[in-house]
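What follows is a short report on a single structure.
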Amino acid sequence: MNDKQITILVASTAGNAAYVADELGCELESLGWIVRAVRMEEVAVQDLQPGVYLICSSTYGVGEVPDNGKVFLEALNSRSPDLSGISYGVVGLGDSIYADTFCFGSKHFDEQFTRLGAARIGDILKHDRSSSDEPEDLAIEWLPGWLSLLNVKLLED
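Below is the structure:
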């Protein structure tokens, strides 16, 4: 049985974060991971199980989470489930033109996961729409380093 399982939680408005999540999922599968990618509106916070997660979120409006992630974020805040068995990474998409709220969509999820006891692995990957980098390329470049940090964490547990 393969114990390398990961759930990618996706909050996306225009589809960019969903595309990045798909690309990450394909790369992870090629590395032997069992991947479950799910849009946040399809997940109930009480169903989050211990394990490995990637949060892939864009930022909408004035530093807000995309519409399909709002109910999920509100449920994290109001229900406060115990996420202590979760290790996670964060991929955020934003635009540095909005410096005061750059990548705040992903930041909101990160703050809640941390508050509820989950362990973030590594730094948040923040893609800047104003750059010439494609978000999926940047995410694929970021992934090996994140996986190395994750492996260290899993060996410690």
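The sequence shown runs 15 to 171 under our numbering.
We treat Cβ as the ideally placed atom computed from N, Cα and C, and that holds for glycine.
- Query: Does any heavy atom of the ligand SAM sit closer than 7 Å to the C-beta of Ala25?
  - Reply: The ligand SAM is absent from the structure shown, which contains no ligands of any kind.
- 6 Å CB neighbourhood of Arg53 in its chain, flanking five on each side removed: Val24, Asn82
- Message: Taking the straight line between their C-alpha atoms, what separation do you get for Met15 and Glu150?
- Response: Residue placement at Met15 is flagged as unreliable, the pLDDT there being 42, under the threshold of 50; a coordinate-derived value is accordingly withheld.
- Query: What are the residues that DSSP puts in a beta bridge with Cys70?
  - Reply: Val24, Val105
- CB Ser110 to CB Asp147, shorter than 8 Å? no
- Go to Ile138, then tell me how far its beta strand (DSSP E) extends in each direction, as first and last residue. Run containing Ile138: none; DSSP gives neither H nor E here.
- Query: Exposed or buried, which one is Asp96 when buried takes at least 16 other CB atoms within 10 Å?
  - Reply: exposed
- Task: Could you check if Ile22 is buried or exposed, using at least 16 other CB atoms within 10 Å of its CB as the buried criterion?
- Result: buried
- Contacts around Val59, its chain only, beta-carbon distance under 7 Å, and the 5 residues preceding and following it disregarded: Phe86, Ala89, Leu90, Arg93, Pro95
- For Asn30, name the three-state secondary structure that DSSP assigns. helix
- Item | Close-in-space but distant-in-sequence residues of the same chain around Leu163 (CB under 7 Å, 5 per side omitted) | Cβ neighbours of Leu163 within its own chain (closer than 7 Å, five residues either side excluded): Ile135, Gly136.
- Message: Does the CB of Ser98 have a neighbour CB from chain B at under 8 Å?
- Response: Note that chain B does not occur in the displayed structure, where there is just one protein chain.
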